[in-house]
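Be aware that the sequence shown starts at 86, since it is given in this note's numbering, and climbs by one per residue.
All C-beta atoms in this analysis are idealised placements derived from N, C-alpha and C, irrespective of residue type, glycine included.
Working notes, structure below.
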Amino acid sequence: MRQLRLADAWIRWADIPGSTDSVRVFLHGLGAASTFDYSEIAVHPALRTTGHRSLLIDLFGFGYSDRPLDFGYSLAEHADAVAAVLDAEHVRGVELVGHSMGGAVALVLAARRPELVGSLTLAEANLRTGGGAWSRRIAEWEEDAFVTRGLAAFTSAEDDPAYLTTLRAAAPHALYRSAVSLVRASTAELGGFLAEFPGRKAFLVGADSRPYDEEADALAAGARILTVPDAGHPMPTQNPAGYARAVAEASLR
């Protein structure tokens, strides 16, 4: 586990060596953690054959990273924290793989620091105004109420054991503020960032998610559409092998 101190908090990530100088960076979704979601995926044979070094970054508030109370947890702040990690690792032109909120963070990072991002592989990333159903439900609360009662109510109703594992570890204030940032993000920003990105770009959709409206948005923005079979939105944990193969396919074209 590697770590970097930003202000008074530590952001942490796993570093899996590769056989080439290419770097693949994984960013998780809301309430998840890259070190949990991607540990099996990053070492899957389909991805190991590409030779990439892999960085599995836990965003502030999630996984192994710290949960600072004075951090805003906006998409831009998450993106800047990821940029600081890549600067500390002295890497440029990475293959950025982002699921859901992690895809939105990836888009903001590519727009703010284009030299850091060589390609984008986005798995059902948020592209439209208003966030997803999950983030909208969280954002309906007031922050204090969500911290004291809301997260407990959400976890008690969650029936996905994999997601429940990381959700229980998430900081309530981080989950809430990140969700609010997703809801407030505009289509012009996220969809526009994808359309304007000049590098290779792919958009992964779980077969069980269809019909998925933002698939058309991604296609219109010039992204290649790839399907992860036997999975819905939580595709990294529902079908890690299928997810790994889709990421590998996106890497080769």
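Within the region 193-250, the complete alpha helix (DSSP H) runs of at least 4 residues fall at 218-224, 236-242. For Val265, no beta strand (DSSP E) segment is defined; the enclosing uninterrupted segment is the alpha helix (DSSP H) at 257-269. The bridge partners DSSP lists for Gln88 are Arg97. Annotation for Ser139: the continuous beta strand (DSSP E) segment containing it runs 138-143. In this structure Val110 is buried. Its beta-carbon is surrounded by 16 or more other beta-carbon atoms within 10 angstroms. Distance check between Ser119 and each of Ser107, Arg133, Ala94, Ala99 places Ala99 closest, using alpha-carbon atoms only. The region 261-280 makes contact with the region 191-199; the number of CB pairs closer than 8 Å reaches 3 or more. Sorting Val313, Leu181, Phe288 by C-alpha distance to the C-alpha of Ala301 places Phe288 at the top. Using a 10 angstroms sphere on the CB of His258, the tally of other CB atoms reaches 16 or more, which defines it as buried. When C-alpha distances from Glu228 are compared across Arg138, Leu154, Leu311, Ser150, the shortest belongs to Leu154. Cβ-Cβ separation between Ala316 and Asp298: approximately 18 Å, too far for a contact (criterion under 8 Å). DSSP places Ala287 in the strand class (E or B) of the three-state scheme. Taking C-beta separations shorter than 7 Å and ignoring five residues to either side along the sequence, the partners of Val128 in its chain run Ile101, following chain order. Boundaries of the alpha helix (DSSP H) harbouring Glu334: 325-336, taken from the DSSP string. When C-alpha distances from Leu91 are compared across Phe156, Gly116, Ser107, the shortest belongs to Phe156.
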